[in-house]
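So in our numbering, spot 336 of the sequence shown is number 1813, and the numbers just go up one at a time. The beta-carbon is built from N, C-alpha and C at its ideal position, and this holds for glycine as well. Written below as structure tokens is the structure these notes are about.
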Amino acid sequence: MTGISRDDIRAAVGSGMLSEAQAASLVALADARRGVRDHLSGLDEPFELFKGFNEIFIVVGLSILFMGWLGITGFSIAATSASGYVMTAVYAAICMGTVLMLARYFTLTRRMIAPSIALAIFFAQGAGQLGLAIGWMISGPLPQTLTISAGTATALLAVYYALFRVPFTMVLIAIGVFMTAFGAVTIGGTFPEDPRDFFLLSGEGPFAILTIVLGVIGLGVALTFDMSDPHRITRRAASGFWLHVVAAPAIVNTVALTLYTNGSMAAQLTLIGFVLAMALFAIIIDRRSFLVSAVGYIVALSMTVMEDQAFIAVILLGFVLVLLGAQWEKIRRFIMNGTPSFPGKTRMPPWDLLDDSAPEVSA
């Protein structure tokens, strides 16, 4: 008998030999036969940008091809005539159609990661260009045109994700939602006076409130992905990862920057408490993005408060992060075993680790 590891199962899913549902069911069955999570090894966050240099080679070729296309069409269309609007829409449609055909091969057939990410970005550009053409046809003010462009791109990207299930597409969709929401606010004549207004709750306009609300919504969707695949075998978990990458900074930056800018001792203590809470939350859901987003504020706070001893605090912080990364699974097991039951706890990634050796699924 040979052993089949989780990496083998992920490879089987990637090659199309197993569906995502079959892979998740297989892992759940294997865990149940071993005593329901009693002997699981620590699970890291699935994160892949490419499988080999050939994917980078293909991405370089696709990028050159796309930049040449933009040079001929996308950047040379004037928005001053009806023919210009129509040709912009036609070129955008050709771009998206070509990307769809390429994605059928590189994403669905070859299961390549880096080319799939690049093609999703190219599709987003084409969708945004189509939205600009529509906005120009309406002849509205610039904020309205840009909002239509962002909304069109977001809607088409949602369709693209439904067709190809490329996890990175969730980043583009989330960014599109933010841009559409902010654009809708500016249509009413409200504009940010400072870039920090997007994160400062004390700033002008509703932008910071919108940022944190959308961040919380993104977090909710990401957790839904996570809890539907706690073993992190399928692309749902990878989709959740990319959503966390967007949601975490939106939430952490809004709260932490507001507290840090306040400058009072109470605000600084609250900031420390908030960062600790985010660290605990990151460990519970087994996602490091919230912790990474908060580290910069602790460094900045150390430099402000401790002054001459600031670098000692930075060294200590770096040591804590290295220790946390090296012992993440054990620390998480300790915290999860000591945390009272809460809704969804049993759907979090496994945490009961009896040893560091991962038993394999026998075949």
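* To do: Within 10 angstroms of the Cβ of Ile1486, are there 16 or more other Cβ atoms? Answer buried if so, exposed if not.
  => buried
- Message: Excluding the 5 residues flanking Trp1828 on each side, which residues of the same chain have their C-beta closer than 7 Å to its C-beta?
- Response: Arg1809, Arg1810, Met1813
Closest to Leu1748 by CA distance: which of Leu1736, Ile1664, Ser1741, Leu1700 is it? Leu1736
### Query
Straight-line CA distance for Met1544 to Phe1599?
10 Å
Spell out a yes or no on whether the region 1674 to 1687 and the region 1695 to 1715 are touching, meaning 3 or more CB-CB pairs, one atom from each, closer than 8 Å. no
| request: Tell me whether Thr1816 sits in a helix, a strand or coil according to DSSP, three-state version. | output: coil
Next on the checklist: I'd like to know whether the C-beta atoms of Arg1712 and Arg1642 end up nearer to each other than 8 Å.
Outcome noted: yes
(Q) Is the separation between the beta-carbon of Gly1695 and that of Val1723 shorter than 8 Å? (A) yes
Is Met1494 buried or exposed, if buried means 16 or more other CB atoms sit within 10 Å of its CB? exposed
ask   = For Thr1622 versus Leu1609, is the C-beta distance shorter than 8 Å?
value = yes
Practice task
Out of Thr1731, Met1573, Gly1538, Val1772, state which residue places its alpha-carbon closest to the alpha-carbon of Ala1591.
Solution key: Gly1538
* Asked: So what's Thr1735 in DSSP terms, helix, strand or just coil?
  -> helix
> How big is the Cα-Cα spacing for Val1567 and Phe1767?
Replying inline: 42 Å
Work out the CA separation of Ala1727 and Leu1677 for me, nearest whole Å.
-> 11 Å
Would DSSP call Val1513 helix, strand or coil? Legend: pLDDT at Val1513 = 39, less than 50; position of this residue unreliable, value from coordinates given subsequently. If DSSP states are grouped into helix, strand and coil, Val1513 belongs with coil.
My parser needs the beta strand (DSSP E) runs of 3 or more residues fully inside the region 1600 to 1640; what are they?
none
*If we count the other Cβ atoms within 10 Å of its Cβ and call it buried at 16 or more, is Ile1760 buried or exposed?*
buried
Mind listing, in chain order, the continuous alpha helix (DSSP H) runs of no fewer than 4 residues lying wholly within the region 1689 to 1752?
1712 to 1739
- Query: Quick one: what's got a C-beta closer than 6 Å to Glu1681's C-beta in the same chain, skipping five residues either side?
  - Reply: Glu1670, Asp1674
Environment of Ser1716 [buried if 16+ CB atoms lie within 10 Å] = buried
Just to confirm my understanding: we take Ala1661, look at its own chain, exclude 5 residues before and 5 after, and list those with CB closer than 6 Å. What are they? Thr1624
Original post:
Looking at C-alpha atoms only, which residue of Glu1525, Gly1692, Ala1570, Thr1584 is the closest neighbour of Thr1629?
Top reply: Ala1570
- Message: On a Cα-Cα basis, can you pick out the residue from Phe1583, Val1732, Ala1601, Phe1819 that is closest to Val1635?
- Response: In the sequence under discussion, the amino acid at residue 1635 is Ala, which differs from the Val named in the question. Of the candidates Phe1583, Val1732, Ala1601, Phe1819, the one whose C-alpha sits nearest the C-alpha of Ala1635 is Ala1601.
Indicate whether Trp1719 and Phe1655 have their beta-carbon atoms separated by less than 8 Å. no
Neighbourhood of Leu1579 by C-beta distance below 7 Å, restricted to the same chain and skipping five residues each side:
Leu1596
task = Determine the extent of the alpha helix (DSSP H) in which Ile1650 is found, giving its start and end residues.
result = 1646 to 1664
Short check: CB of Ala1627 to CB of Thr1663, under 8 Å? no
- Query: Which class does Thr1550 belong to by DSSP, given the choice of helix, strand or coil?
  - Reply: helix
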